[in-house]
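To start, the structure under review is shown below, and the notes come after it.
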Amino acid sequence: MRKGGHPNLSAEHGEHLMYNRGCRCDKCKTANAVYVKADRHKRGKSWVRNVNLKAAFGITLEQYENILDQQNGVCAVCKNPEITIGKYGVLLPLAVDHNHVTRQIRGLLCLRCNRALGLLHDSVNNIKALLEYRRTYGT
Numbered sequence: 004m005r006k007g008g009h010p011n012l013s014a015e016h017g018e019h020l021m022y023n024r025g026c027r028c029d030k031c032k033t034a035n036a037v038y039v040k041a042d043r044h045k046r047g048k049s050w051v052r053n054v055n056l057k058a059a060f061g062i063t064l065e066q067y068e069n070i071l072d073q074q075n076g077v078c079a080v081c082k083n084p085e086i087t088i089g090k091y092g093v094l095l096p097l098a099v100d101h102n103h104v105t106r107q108i109r110g111l112l113c114l115r116c117n118r119a120l121g122l123l124h125d126s127v128n129n130i131k132a133l134l135e136y137r138r139t140y141g142t
């Protein structure tokens, strides 16, 4: 072991380009953040999107794009394209709607429909009750 109890590292932890995942010192965390940011930039936005889709939903970017093509590029519920602009001034992609128990993907939704479904707790009974309420009290 080296000075400070960090194995296989020089005394100056932040001087190396690769991060030792076992080390939590500030220099190693900083070195890792710089490395990860540079690596993501080098690989490109589509690589990052692919990694995020795989981690969150178990699908690849290609599978996402296939679903998007099947839906003709619009929301599965309202049949409109996404219109929400994100915090960096870029149009948001359609959200992946999935069953939170089985993890099965149901389709792609715009932000409004995805939020509405979430606010109704993904409950068919709540959706039916809202529809009945709307029909009862008209327009």
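Quick note on numbering: the working numbering labels position 51 of the sequence shown as 54, and the sequence is numbered without any gaps. No residue lacks a Cβ here, since even glycine has one placed at the ideal position from N, Cα and C. Predicted model only: the values in this text are computed from it and were never measured.
According to DSSP, residues forming a beta bridge with residue i
| i | result |
| --- | --- |
| V145 | As displayed, the chain neither begins before 4 nor continues past 142, which places residue 145 out of reach and without an answer. |
| I62 | For I62, which the question treats as bridged, DSSP gives no partner whatsoever. |
Neighbourhood of residue i by C-beta distance below 7 Å, restricted to the same chain and skipping five residues each side
| i | result |
| --- | --- |
| K57 | T63 |
| L97 | L71, C78, E85, L111, L112 and C113 |
Residue i versus residue j - alpha carbon distance
| i | j | result |
| --- | --- | --- |
| H103 | D29 | 36 Å |
| C116 | D72 | 19 Å |
| G17 | R52 | Note on G17: pLDDT 45, under 50, position unreliable in the model; no value is reported. |
| D125 | A34 | 42 Å |
| A79 | G61 | 20 Å |
| V37 | A119 | 38 Å |
Contact set for residue i: own chain, Cβ-Cβ below 6 Å, skip 5 residues either direction
| i | result |
| --- | --- |
| Y67 | L56 |
heavy atom of the ligand FAD below 7 Å from residue i C-beta
| i | result |
| --- | --- |
| C116 | As presented, the structure is devoid of all ligands, the ligand FAD included, so that no description of it is given. |
Contact belief for residue i with residue j at Cβ below 8 Å, rounded distance in angstroms
| i | j | result |
| --- | --- | --- |
| L123 | L134 | Actually they are not in contact, since the Cβ atoms of L123 and L134 sit about 10 Å apart, beyond 8 Å. |
Cβ shell of residue i (< 8 Å), same chain only, five flanking positions each side left out
| i | result |
| --- | --- |
| N83 | V77 and C113 |
* Asked: Do three or more CB pairs link the segment 84-91 to the segment 108-124 at distances below 8 Å?
  -> yes
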